[in-house]
Structures are given as C-alpha cells and as structure tokens.
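Enquirer:
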Amino acid sequence: MKLKKIIFVIYALFLTPLYSNDNKVVASEVYKNLRCLVCQGQSIADSNSDFATTIKLVVLDQINEGKKEDEIYNFLISKYGEWITYHPTFNKNNFLLWTLPYAVLVLGGFIIFLIVRKNKHNKAN
Amino acid sequence: MKISISKIIIFSFIIFSFLIFWQGLKKNNDYDTKNLIGNKISNFQLIDLNNEKKLITEEDLRKNEYTLINFFASWCSPCRTEHEYLLKLSNKKIRIIGINFKDKKSNAISFLEELGNPYDFIGKDKNGKISVLFGIYGIPETLIVDSSLIVIKKYIGPIDQNQYDEILKLIQ
Chain A
15 MKLKKIIFVI YALFLTPLYS NDNKVVASEV YKNLRCLVCQ GQSIADSNSD
65 FATTIKLVVL DQINEGKKED EIYNFLISKY GEWITYHPTF NKNNFLLWTL
115 PYAVLVLGGF IIFLIVRKNK HNKAN
Chain B
2 MKISISKIII FSFIIFSFLI FWQGLKKNND YDTKNLIGNK ISNFQLIDLN
52 NEKKLITEED LRKNEYTLIN FFASWCSPCR TEHEYLLKLS NKKIRIIGIN
102 FKDKKSNAIS FLEELGNPYD FIGKDKNGKI SVLFGIYGIP ETLIVDSSLI
152 VIKKYIGPID QNQYDEILKL IQ
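Just so you know, the sequences run in chain order A and B.
Heads up, the numbering used here is the position in the first sequence plus 14, with the first residue counted as 1.
Heads up, the numbering used here is the position in the second sequence plus 1, with the first residue counted as 1.
Right, here's the structure in full:
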C-alpha cells in the first residue's frame, strides 16, 4: 500500500511538469498566430512589449482553463478585432483575398488553353 | 478592328491591379481599436485599489446610465494631460471608474493626490489582464459604456477638448 502511494506521488510529480510543458507548447503556437498591435510587423511571440506580455499571460491562463485555440482567437478578436490574428476569416471585406488566387489560376488556365488552341489552329492552316 | 480576348483580359488585369494598389495607398495602415464599439463588456470584477474587499462588478455598472472607464497609471505621461478633463467630468452626470494599470499603489496614490481624484471607484490591474477584457492595448484609453454595458465610445490616447465636448453632449 505504501509503495502504491509512493508510485502515485512520483507519477504525479512527473506528470505535472509534462502537462504544464504541453500547455506552453500550445501557448507558443497561439502567440505566433497573434499580431502585436503596438509593434511594427511583430507577432506576440516575437515581442517583449507591454501589450505582448499581457496577451501572453491571458493566453496561458485560458489554455490552463482548458480553452481551445479557436476559443482564444475568438475571444481576442471580440476585444481587438480581426487584425489581432494572422488568420483572417472569410468575409465581404476580404473575399478577394481568398478567391482571387483561384480566379487567377482558372483565368491563367483559360488563357493558356486559348493560346494552345490558336497555335494548333495556325499549324493546321 | 479585331481585339483579341487575351488582350482584353490582360488590360482588365492591369486596371484591376492598379485600382487595388491605389486603394491600398489611400488606406491608413495604423491600426487602432477606436472603431470597435458596440461590443459588450462582460465577466469582469474590479478590486478596489485601496480596499481589497471592495469590488465592482457588471451589476454595479448597470445601475448607471453611462459609465466612463479610464485606464491610467502614474508612469503614463499622457495620462497627466487628460486628467484635467476627467476632473471636469467628475462634476457631471456620469460615473467615472479609473483602472490603475500596471502601477505601484503608492505611486498611484501620489499621482491622484497631486492632480486630484476624478474617480468614483479605482480598480487595480496589477498585471494588465483586466485591460484585455476591455480591449485595451495601451494607456491612456477611455471607454464609455451604457447601462447594458455596451461600449458606445472609445478614446485611444489622452482625452482632449473635442472629446470632452463630445462626452458632455452625450450625457446631456
């Protein structure tokens, strides 16, 4: 019985830092996806500004509370706007950003098709 | 005159790119959150700077038609410039809550003794976490919320004469 208790204590001691490190890994991923609003072109992960330090504390707290990444992003977006994340969601203001690459791809394919067809037609004549 | 489809497409693409870059140049790239109004403030609890047992919650703010929430610190130089406007507003029909941001209690008290205390309640935000709940990213920042706790005004930086007049107009 005593041995079981000792094993349990050792297990708990080893598990706590593992759990805590795991949260820190998730937190560092979240920091990378957040923009520092008071720095020039830096993420929260890169910055040591007052704002970044505060956001890091809040993100870590929320991860420790069991919140998922998306919940944390949504919380911060509700407070600071979409600019705070590096992942803009699809909306009427940025629909071109999302659709234009595909449109250009299709258009490019169409132009190539026209050129190839024209060349074939010229050769045939 | 025959115009090929590919020429039309290329020409349209050039015009389109030009318009995109033209719009991009006209746009102000300095982001701030002053337009983020209409959000509701929730899940907060402020601890009094002088008395840890004294709290202020959402329910307390619901009792006021308008509440002005000002984030300040003794180390913040622009906070000094806006202080005279806060003092003037303290005599008006608006409740003023101050939130002391990342500051030493003794310094905050000295700051208010020197310049006067316009606040009906002073909450403390030792590590800045409270400021995130209010969408603050630098101080001084001031919010005005209505009785439903909806942010109706947001001022980034120190309050000036124009903003003071705007607040007066709102509460009258």
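Glycine included, C-beta positions come from ideal geometry on N, C-alpha and C.
Here the structure is a predicted model, which means the values were calculated and not measured.
1) Closest by CA to Glu53 of chain B, which one among B:Phe22, B:Ile123, B:Ser148?
2) For the stretch 65-79 of chain B against the stretch 89-103 of chain B, are there 3 or more C-beta pairs whose distance is under 8 Å?
3) Which whole-angstrom value describes the C-beta separation of Leu51 of chain A and Tyr156 of chain B, a residue pair presumed to lie in contact below a C-beta threshold of 8 Å?
4) From the DSSP output, read off the bridge partner residues of Ile70 of chain B.
5) Would you mind telling me which residues of chain B sit closer than 7 Å to Trp112 of chain A, beta carbon to beta carbon, in chain order?
6) Between which two residues does the alpha helix (DSSP H) containing Val52 of chain A stretch?
7) Please classify Thr103 of chain A as buried or exposed, where buried requires at least 16 neighbouring CB atoms within 10 angstroms.
8) Less than 8 Å between CB atoms is the rule here; does Lys116 of chain A satisfy it with respect to chain B?
9) Measuring only the C-alpha atoms, how far is Asp36 of chain A from Gly95 of chain A?
10) Is the Cβ of Phe109 of chain A closer than 8 Å to any Cβ of chain B?
11) 8 Å is my cut-off, CB to CB: does Leu37 of chain B come that close to chain A?
12) Note down, in chain order, every chain A residue with its Cβ under 7 Å from the Cβ of Tyr156 of chain B.
13) From this set, B:Lys41, B:Ile16, B:Asp147, B:Asn51, which residue's C-alpha is nearest Ser107 of chain B's C-alpha?
14) The stretch 48-71 of chain A: which residues have C-beta closer than 8 Å to a C-beta of chain B, in chain order?
15) Please check the pair Glu59 of chain B and Leu150 of chain B, which I expect to be a contact at CB under 8 Å, by giving their CB distance rounded to whole angstroms.
16) Strictly below 8 Å CB to CB, what residues from chain B border Tyr94 of chain A?
17) Looking at Leu121 of chain A and Ile15 of chain B, is the spacing between their C-beta atoms short of 8 Å?
18) For Val152 of chain B, which residues does DSSP report across the bridge?
19) So, is Leu1 of chain B buried or exposed, given that buried needs 16 or more other C-beta atoms within 10 angstroms?
20) Can you pull the DSSP bridge partners for Gly124 of chain B?
21) By how many angstroms is the C-alpha of Asn108 of chain A removed from the C-alpha of Lys93 of chain B?
22) Can you tell me whether Phe124 of chain A is buried or exposed? The criterion is at least 16 other CB atoms within 10 Å of its CB, across all chains shown.
Expert: Well, looking at it:
1) B:Ile123
2) yes
3) Not quite, the Cβ-Cβ distance comes to about 16 Å (not below 8 Å), so this is no contact.
4) B:Ile98, B:Leu144
5) In chain order: nothing, as chain B lies at least about 15 Å away.
6) Val52 of chain A -> no alpha helix (DSSP H), and no H or E assigned at all.
7) exposed
8) Checking the sequence, you will find Tyr at residue 116 of chain A rather than Lys. Tyr116 of chain A is outside the set of residues whose beta carbon lies under 8 Å from a beta carbon in chain B.
9) 28 Å
10) no
11) yes
12) Going along chain A, no residue has its Cβ under 7 Å from Tyr156 of chain B, so there is no contact; the nearest lies around 16 Å.
13) B:Asn51
14) Leu51, Val52, Asp64, Phe65, Thr67, Thr68, Ile69, Leu71
15) 6 Å
16) Thr34, Leu37, Gly136, Tyr138
17) no
18) B:Val146
19) With chain B covering only 2 through 173, there is no way to say anything about residue 1 of chain B.
20) B:Asp49, B:Ile100
21) Near 43 Å, if we compare the C-alpha coordinates of Asn108 of chain A and Lys93 of chain B.
22) Here Phe124 of chain A is exposed. Its C-beta has fewer than 16 other C-beta atoms within 10 Å.
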